[in-house]
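Peer 1:
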Amino acid sequence: MSSSPPDAKQRLLEAAIQEFALHGYDHGTVRRICGKADVNVNAVKYYFEDKKGLYIEAVKEAHRARHRSMAPSGFIPPGDSPEIAPEIRLQGFIRQMVAMAMSAQDRIDHKHLLIFREMADPSEATQDIVHEFIRPHFERLNDILKQLLPEETPEGDRHMFAFSVVGQCMHYKMAGPIINMLVSPQELQALTADRVAEHIYQVITAAIQQRKQADSA
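The UniProt record's numbering applies: residue 1 is where the sequence shown begins, and numbers increase by one.
#1: Am I right that proline 86 and isoleucine 144 are in contact with their C-beta atoms under 8 Å? What's the rounded C-beta distance?
#2: Could you pull the start and end residues of the alpha helix (DSSP H) that valine 203 belongs to?
#3: Just confirm the distance between the C-beta atoms of isoleucine 33 and alanine 8, as a whole number of angstroms; I'd bet it's less than 8 Å.
#4: Specify, as a first and last residue, the run of the alpha helix (DSSP H) that glycine 35 falls within.
#5: Just verifying my parser: in three-state terms, what is the DSSP assignment at asparagine 40?
#6: Roughly how many whole angstroms lie between the Cα atoms of aspartate 50 and alanine 62?
#7: What is the rounded straight-line gap between the Cα of phenylalanine 20 and the Cα of tyrosine 55?
#8: Under the rule that 16 or more other beta-carbon atoms within 10 Å means buried, what is alanine 206, buried or exposed?
#9: Quick one: Cα of threonine 52 to Cα of methionine 100, how far?
#10: Just the Cα atoms here: how many angstroms apart are serine 73 and glycine 92?
#11: Roughly how many angstroms lie between the CA atoms of isoleucine 84 and leucine 148, to the nearest whole one?
#12: What is the DSSP secondary structure of leucine 149, reduced to helix, strand or coil?
#13: Using only the alpha-carbon positions, how far apart do glycine 35 and valine 59 sit?
#14: Have a look at Gln202, Leu22 and Gln96 and flag the residue whose alpha-carbon is nearest the alpha-carbon of phenylalanine 116.
#15: Rounded to a whole number of angstroms, what is the C-alpha to C-alpha distance between leucine 191 and valine 44?
#16: Could I get the ranges of all uninterrupted alpha helix (DSSP H) runs contained in the stretch 105-189, with 4 residues as the minimum, in chain order?
#17: Mapping DSSP to helix, strand and coil, what is aspartate 50?
#18: Take histidine 67 as the anchor and find which of Ile179, Glu132, Met119 and Thr29 has the nearest alpha-carbon.
#19: Assuming the contact rule is C-beta atoms closer than 8 Å, isoleucine 134 and serine 164 should be a hit. Round their C-beta distance to whole Å, please.
#20: Rounded to a whole number of angstroms, what is the C-alpha to C-alpha distance between alanine 37 and histidine 112?
#21: Are the CB atoms of isoleucine 200 and isoleucine 94 within a distance shorter than 8 Å?
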């Protein structure tokens, strides 16, 4: 093999993403992965210790690839900070999440497939994903909502607002194929990321306003 070690490791990750996306962890095999990557089976132990280690890194690499695909803007808009009006920050957060969700509807993409599998049936890998990718965004969203909701709003209620934001955005990722079957091609074409993001923003801000009115009554 003429490839340098970093190339071999990356080939292993790419082959593992494809194998685990198509067959899952239990039915995916190290032998097939190594065959696709054109490396010796001992390379898995060298780079990742074992099959589980390879799987965890493959899932993390799939998520990293999704975040890299958001470049150059990134998931967090440039210049985002607590000093910016929370309404603008919320709008930016929703727009980015919807864009990511709607661009991930291609289930032929092995990275997307692997992420779908992991979210539907979480494994040990999910703990790392939550720590590295999901929690930072969740905390950022909660920081935004804390500025928008009444000061006395319980933390659990604020979390439900956050879950509502994420749930509405991710619906267009998880239910994309079903949406295609429910509406006409013309209506589907009109469901642009910008239109969906604005709709979700209006729904959430209306709920926040209702909460403010209820708390001040």
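Positions of the beta carbon are idealized from the N, C-alpha and C atoms, including for glycine.
Peer 2: In short:
#1: Here residue 86 is taken as the residue at index 86 of the sequence shown, counted from 1. Here residue 144 is taken as the residue at index 144 of the sequence shown, counted from 1. Their Cβ separation, rounded to whole angstroms, is 5 Å, which keeps proline 86 and isoleucine 144 in contact under 8 Å.
#2: Looking up residue 203 in the sequence shown gives position 203. Looking at the DSSP string, the run of the alpha helix (DSSP H) that includes valine 203 is 193-216.
#3: Counted from its first residue, the sequence shown places residue 33 at position 33. Counted from its first residue, the sequence shown places residue 8 at position 8. Between alanine 8 and isoleucine 33 the Cβ distance is about 12 Å, and since that is not below 8 Å, they are no contact.
#4: Against the sequence shown, residue 35 aligns to sequence position 35. Where glycine 35 is concerned, the enclosing alpha helix (DSSP H) stretches over 30-37.
#5: As a working mapping, residue 40 is identified with position 40 in the sequence shown. Residue state, collapsed to three classes: coil.
#6: Counting from one through the sequence shown, the residue named residue 50 turns up at place 50. Counting from one through the sequence shown, the residue named residue 62 turns up at place 62. Going from the Cα of aspartate 50 to the Cα of alanine 62 covers about 18 Å.
#7: On the sequence shown, residue 20 is found 20 positions in, with the first residue counted as 1. On the sequence shown, residue 55 is found 55 positions in, with the first residue counted as 1. Those two C-alpha atoms are separated by around 8 Å.
#8: For the purposes of this step, residue 206 is taken as the residue at position 206 of the sequence shown. Result: exposed.
#9: Your numbering for residue 52 matches position 52 in the sequence shown. Your numbering for residue 100 matches position 100 in the sequence shown. A small fix is needed here, since residue 52 is lysine in this sequence, not threonine. The straight-line gap from Cα to Cα measures roughly 28 Å.
#10: Mapped onto the sequence shown, residue 73 falls at position 73. Mapped onto the sequence shown, residue 92 falls at position 92. For serine 73, the predicted model reports a pLDDT of 48, less than 50, meaning its position is unreliable; a value from the coordinates is still stated below. For serine 73 and glycine 92, the distance between alpha carbons rounds to 11 Å.
#11: Residue 84 sits at position 84 when you count from the first residue of the sequence shown. Residue 148 sits at position 148 when you count from the first residue of the sequence shown. Spanning the two alpha carbons is a distance of roughly 12 Å.
#12: In the sequence shown, the residue the question calls residue 149 occupies position 149. Here leucine 149 sits in coil by DSSP.
#13: Numbered from 1 along the sequence shown, position 35 holds the residue referred to as residue 35. Numbered from 1 along the sequence shown, position 59 holds the residue referred to as residue 59. Their Cα atoms are separated by approximately 20 Å.
#14: Within the sequence shown, the letter at position 116 stands for residue 116. Measuring from the Cα of phenylalanine 116, the nearest candidate turns out to be Leu22.
#15: Taking the first residue of the sequence shown as position 1, residue 191 is located at position 191. Taking the first residue of the sequence shown as position 1, residue 44 is located at position 44. Going by the C-alpha atoms only, they are around 44 Å apart.
#16: 110-120, 124-129, 135-148, 155-174 and 176-182
#17: Locating residue 50 in the sequence shown gives position 50, where the first residue counts as 1. It is coil, neither helix nor strand.
#18: As a working mapping, residue 67 is identified with position 67 in the sequence shown. Measuring from the Cα of histidine 67, the nearest candidate turns out to be Glu132.
#19: The residue labelled residue 134 in the question sits at position 134 within the sequence shown. The residue labelled residue 164 in the question sits at position 164 within the sequence shown. Wrong, their Cβ atoms sit about 16 Å apart, outside the cutoff.
#20: Counting from one through the sequence shown, the residue named residue 37 turns up at place 37. Counting from one through the sequence shown, the residue named residue 112 turns up at place 112. So the alpha carbons of these two residues sit roughly 20 Å apart.
#21: To locate residue 94, count along the sequence shown from 1; it is residue 94. To locate residue 200, count along the sequence shown from 1; it is residue 200. Closer than 8 Å, so yes.
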